[in-house]
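Chemist:
Chains as they are written, first to last, in my numbering: chain A, 1 to 306; chain B, 307 to 612; chain C, 613 to 918.
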């Protein structure tokens with residue numbers, strides 16, 4: 001049962017449920033740029049409650065809600081408001097709860113969405129809680145792989161860049177490990193995937209870890225690139241050396257498989273130069289646009305009348 | 307006549323008009339969480355013009371407008387915009403006037419809403435002007451008492467906390483004094499209700515002033531709690547001593563009347579601990595949610611076609 | 613063909629196209645305060661992407677979109693969001709492109725709108741790019757002259773104030789020079805109209821430059837006033853002297869033609885005192901309100917189904 005369900009962690013969904021979301025997202029795709037003809041959420045209000053700015057995520061949810069006919073209560077940045085008066089998250093949630101039919105929550109603290117879901121009667125969708133979860137990002141990533149490659153099973157997915165701090169990579173790799181895939185983690189020593197995540201994944205599927213993107217490129221169906229942040233390195237020279245190694249070049253991609261796709265959660269900075277944008281492998285803008293049908297699917301499943 | 311009427315001060319409404327709003331709010335109640343089936347404001351634009359942040363009030367108005375089918379033009383915080391270029395409130399109002407069908411105004415200066423109402427052709431609703439008025443807050447407080455206790459006449463209402471600076475208490479106690487009620491003002495010496503307000507109220511109804519909540523609790527039907535702000539005290543130790551006395555405990559409430567209700571304009575900090583939240587007396591979240599039907603009633607009365 | 617057309621610069625429009633917009637705006641006028649009965653953009657999402665605050669412009673576009681039935685994705689101030697992470701404008705545009713059906717862009721850098729239009733599939737409307745263009749402001753200015761005076765041809769228009777830095781004056785005077793008009797530029801020496809703009813205009817129509825508003829007032833059908841900013845003067849005394857000369861007084865206007873109109877892009881500060889507001893010549897608030905029908909016309913022409 002999806003109606004009124006909280007979407008807090010990708011780990012709460014079974015493989016069957018994930019496939020159900022992807023299938024529904026696929027059905028939403030034709031309406032993602034025109035609006036749903038039936039306006040199934042015409043009487044609903046979706047509140048976007050962002051305790052830290054994330055324009056892309058907020059607008060993607062708001063656009064998805066509007067495409068389904070819903071109205072959007074946008075709380076913008078909350079720093080200046082009640083929060084400053086010391087109100088707890090649970091009090092704020094109990095109030096927004098009576099103003100809306102669903103709450104999309106972004107919060108800097110891990111666990112905030114779970115807490116919120118306990119105080120709200122209306123469903124809560126986690127739009128990122130600190131180092132924690134961002135389940136609709138994971139679902140749109142999976143949708144992109146599934147749509148572009150026809151299926152998830154049997155594919156080889158390589159993650160490159162900062163695998164230590166990236167919430168996106170942690171969630172997606174764990175979710176993918178429920179499928180029959182091979183995962184490759186390509187990163188500098190300083191930014192390796194955390195041991196507990198790797199161990200968890202290795203229980204189910206084969207994993208390969210390496211520093212060398214060049215030697216692995218030919219094995220991949222998906223190259224999932226992430227940004228390496230300057231702030232992770234005490235020494236700027238060290239950063240430059242490391243970051244330079246993982247810049248994606250056309251020459252690298254030309255050695256990849258015929259159907260290789262390049263993904264990135266965006267924003268990207270220098271790790272994918274503009275010269276890649278028009279290559280057939282580049283799917284990161286498509287991936288971002290997939291946020292609309294995937295979020296339409298989720299909103300319709302938890303709020304719709306069907 | 308309500309059509310196109312400005313809602314600037316609760317003092318502009320007669321007892322009959324207040325009861326008319328409460329009655330209409332009661333009729334709106336079934337639609338407060340589902341939306342009005344007729345969408346009476348489908349062709350209207352409601353502008354929320356907030357010169358200081360107040361998330362709860364802004365969202366409550368926006369949700370109420372949406373539940374009636376209206377569209378919302380949200381001006382967010384205005385500090386960075388035209389205001390910074392030195393534009394007067396009257397100029398801003400004359401422009402927003404041509405963009406919308408009603409203006410909900412929050413402003414730090416007392417009298418701002420009255421001024422705005424003189425420059426706008428469309429109705430202006432005061433959503434709080436400094437130490438001045440916030441009439442829809444007063445109306446939702448009265449609606450809560452009326453709904454929870456069946457009537458306002460004959461009831462004993464006690465205000466506790468900061469009665470000196472609280473706009474909420476001043477407006478509500480004056481409005482209640484039009485009814486046949488008894489009022490109790492419970493506060494530390496430093497935060498007593500202003501003399502001119504007390505005198506005004508005493509012309510019509512009995513008032514009792516005390517520092518001692520314990521001795522008065524048994525006489526109350528409504529305990530209206532407000533926050534005591536640190537900033538009011540030069541000495542932090544003095545603040546702690548005073549604030550501690552007015553924290554609402556279950557043991558206090560257990561000595562109250564059977565149908566006693568506890569209200570608070572929110573946000574609350576320590577004056578009502580979480581242990582109170584699930585007691586039957588706790589009505590402050592209900593009170594906040596009553597902002598929706600009350601504001602729906604007001605918007606429909608001044609903008610609707612009926 | 614208007615469908616899906618970018619509106620980047622007034623210079624992209626021919627005289628015939630300008631007149632087509634004004635004519636369509638005139639047809640929109642009856643719906644500017646009631647909403648269009650057909651809701652021609654009911655399935656559209658208009659995104660307002662403002663990289664610098666401009667409340668009036670943003671709200672005017674949002675109100676116009678709503679009056680046509682569109683939904684509005686409001687990005688508010690973008691400074692705190694992805695921009696801070698170093699994302700390029702082109703990347704942001706490619707993403708917003710998939711969330712909306714049209715992008716209204718305000719940006720501090722000249723040329724930003726043109727760049728955006730190259731990356732977006734959906735139409736881009738320039739809502740001001742630094743010292744560059746703000747075509748809908750020019751169109752609403754022309755609409756005001758046309759509506760108030762019956763026609764543009766044959767009229768004498770005087771610009772007064774800061775003619776050096778004002779984007780509004782540069783665009784409007786160039787657009788007007790396509791018509792059979794006389795232009796007067798009235799300013800202090802320090803704030804004269806730039807030579808290249810004057811030369812460009814003089815190729816087509818007569819221009820007169822002067823410091824003396826008094827001697828020119830009797831020749832004008834339109835007096836277009838702009839703000840003189842303190843910051844333009846190294847010496848505050850110099851500023852006061854200059855600014856004082858160009859304050860519009862009733863005595864000045866009484867010497868003008870019978871149908872003289874006074875316009876101003878707003879916000880105004882001291883250059884038009886409040887005593888002018890109720891004179892029949894004062895059209896600056898009417899001018900601001902004309903932003904609605906003009907922007908409705910543009911939005912309907914580029915997004916509508918007709």
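Using N, Cα and C, we set each Cβ at its ideal position, and we do this for glycine too.
Is the beta carbon of residue 912 (chain C) sitting closer than 8 Å to the one on residue 736 (chain C)?
Modeler: no
Chemist: Give the secondary structure of residue 790 (chain C) by DSSP, where H, G and I count as helix, E and B as strand, and everything else as coil.
Modeler: Here residue 790 (chain C) carries a coil assignment [DSSP, helix/strand/coil].
Chemist: Starting from residue 903 (chain C), trace the alpha helix (DSSP H) in both directions and tell me its first and last residue.
Modeler: That run of the alpha helix (DSSP H) goes 903 to 915.
Chemist: Excluding the 5 residues preceding and the 5 following residue 871 (chain C) in the sequence, name in chain order all residues of the same chain whose CB lies nearer than 7 Å to its CB.
Modeler: 761 and 833
Chemist: Here's the rule: buried if 16 or more other CB atoms are within 10 angstroms of the residue's CB, otherwise exposed. What is residue 439 (chain B)?
Modeler: buried
Chemist: Is the stretch 788 to 798 of chain C touching the stretch 811 to 819 of chain C, taking contact as three or more C-beta pairs under 8 Å?
Modeler: yes
Chemist: Classify residue 475 (chain B) as helix, strand or coil using the three-state DSSP reduction.
Modeler: Here residue 475 (chain B) carries a helix assignment [DSSP, helix/strand/coil].
Chemist: So the alpha helix (DSSP H) residue 332 (chain B) belongs to, where does it begin and stop?
Modeler: 321 to 334
Chemist: In this structure, how does DSSP classify residue 444 (chain B) when only helix, strand and coil are distinguished?
Modeler: helix
Chemist: Going along chain A, which residues have a C-beta under 8 Å from residue 687 (chain C)?
Modeler: What residue 687 (chain C) touches in chain A: 55 and 59.
Chemist: Going by the CB atoms, is the gap between residue 262 (chain A) and residue 248 (chain A) shorter than 8 Å?
Modeler: yes
Chemist: Here's a check: name, in chain order, each residue in its chain whose Cβ is nearer than 6 Å to the Cβ of residue 376 (chain B), leaving out the five neighbours to either side.
Modeler: Excluding sequence neighbours, residue 376 (chain B) sits near 347, 350 and 352.
Chemist: Could you name the residues of chain C that residue 266 (chain A) contacts, counting a contact when the two beta carbons are closer than 9 Å?
Modeler: 694, 699, 703 and 707
Chemist: Between C:910, C:754, C:719 and C:788, which has its C-alpha nearest residue 818 (chain C)'s C-alpha?
Modeler: Measuring C-alpha to C-alpha distances from residue 818 (chain C) to each of C:910, C:754, C:719 and C:788 identifies C:788 as the nearest.
Chemist: In angstroms, rounded to a whole number, what distance separates the CA positions of residue 851 (chain C) and residue 839 (chain C)?
Modeler: Put simply, the backbone Cα of residue 851 (chain C) is about 12 Å away from that of residue 839 (chain C).
Chemist: To test your reading of the DSSP string, which unbroken beta strand (DSSP E) runs of 3 or more residues are found completely within the stretch 345 to 380 of chain B?
Modeler: Correct list: 351 to 356.
Chemist: So, does the CB of residue 285 (chain A) fall closer than 8 Å to a CB anywhere in chain C?
Modeler: yes
Chemist: Go ahead and label residue 884 (chain C) buried or exposed: buried means 16 or more other beta carbons lie within 10 angstroms of its beta carbon, across all protein chains shown.
Modeler: Flag for residue 884 (chain C) reads buried.
Chemist: With a CB to CB cut of under 8 Å and the five nearest residues on each side skipped, what residues in its chain are close to residue 210 (chain A)?
Modeler: If you ignore the 5 residues before and after residue 210 (chain A), its C-beta comes within less than 8 Å of the C-beta of 184, 185, 186 and 216, all in its own chain and listed in chain order.
Chemist: Can at least three beta-carbon pairs, one atom from the stretch 775 to 786 of chain C and one from the stretch 639 to 651 of chain C, be found at a separation below 8 Å?
Modeler: no
Chemist: For residue 149 (chain A), does the three-state DSSP call read helix, strand or coil?
Modeler: Residue 149 (chain A): helix per DSSP, three-state reduction.
Chemist: Would you check if the distance between the CB atom of residue 75 (chain A) and the CB atom of residue 34 (chain A) is smaller than 8 Å?
Modeler: no
Chemist: Is there contact between the stretch 445 to 461 of chain B and the stretch 321 to 334 of chain B, where contact requires at least three CB pairs shorter than 8 Å?
Modeler: yes
Chemist: Is the distance from the Cβ of residue 32 (chain A) to the Cβ of residue 293 (chain A) below 8 Å?
Modeler: Contact flag set, yes.
Chemist: Kindly list, in the order they appear in chain A, the residues whose Cβ is closer than 8 Å to that of residue 406 (chain B).
Modeler: Within chain A, not a single residue places a beta-carbon under 8 Å from that of residue 406 (chain B); the smallest gap is close to 16 Å.
Chemist: Is residue 361 (chain B) close to the ligand COA? I mean its beta-carbon at under 7 Å from any heavy atom of the ligand.
Modeler: Within the structure as shown, the ligand COA is missing, as the structure has no ligands at all.
Chemist: Does any CB atom of chain A fall closer than 8 Å to the CB of residue 317 (chain B)?
Modeler: no
Chemist: Show which residues of chain A have a CB atom less than 9 Å away from the CB atom of residue 769 (chain C).
Modeler: Listed along chain A, no residue sits closer than 9 Å to residue 769 (chain C) by beta-carbon distance, the nearest being about 41 Å off.
Chemist: Decide if residue 587 (chain B) is buried, meaning its Cβ has at least 16 other Cβ atoms within 10 Å, or exposed.
Modeler: buried
Chemist: Which of the three DSSP states, helix, strand or coil, is assigned to residue 80 (chain A)?
Modeler: Any reading at residue 80 (chain A) needs caution, since the residue's pLDDT is 49, under 50, leaving its predicted position unreliable; the model's value is listed next. Note: residue 80 (chain A) maps to coil in three-state DSSP.
Chemist: Between residue 405 (chain B) and residue 379 (chain B), how many whole angstroms is the CB-CB distance? I'm expecting something under 8 Å.
Modeler: Contact between residue 405 (chain B) and residue 379 (chain B) holds, since their C-beta atoms are separated by about 6 Å, short of 8 Å.
Chemist: Please state if the CB of residue 56 (chain A) and the CB of residue 707 (chain C) are separated by a distance shorter than 8 Å.
Modeler: yes
Chemist: Within the same chain, show all residues whose beta-carbon is closer than 6 Å to that of residue 233 (chain A), passing over the 5 residues directly before and after it, in chain order.
Modeler: 239
Chemist: Anyone know if the C-beta pair for residue 494 (chain B) and residue 548 (chain B) falls short of 8 Å?
Modeler: yes
Chemist: Return yes when the Cβ of residue 392 (chain B) is within less than 8 Å of the Cβ of residue 414 (chain B), no when it is not.
Modeler: no
Chemist: Suppose you measure from the CA of residue 126 (chain A) to the CA of residue 97 (chain A); what does that come to, to the nearest Å?
Modeler: 15 Å
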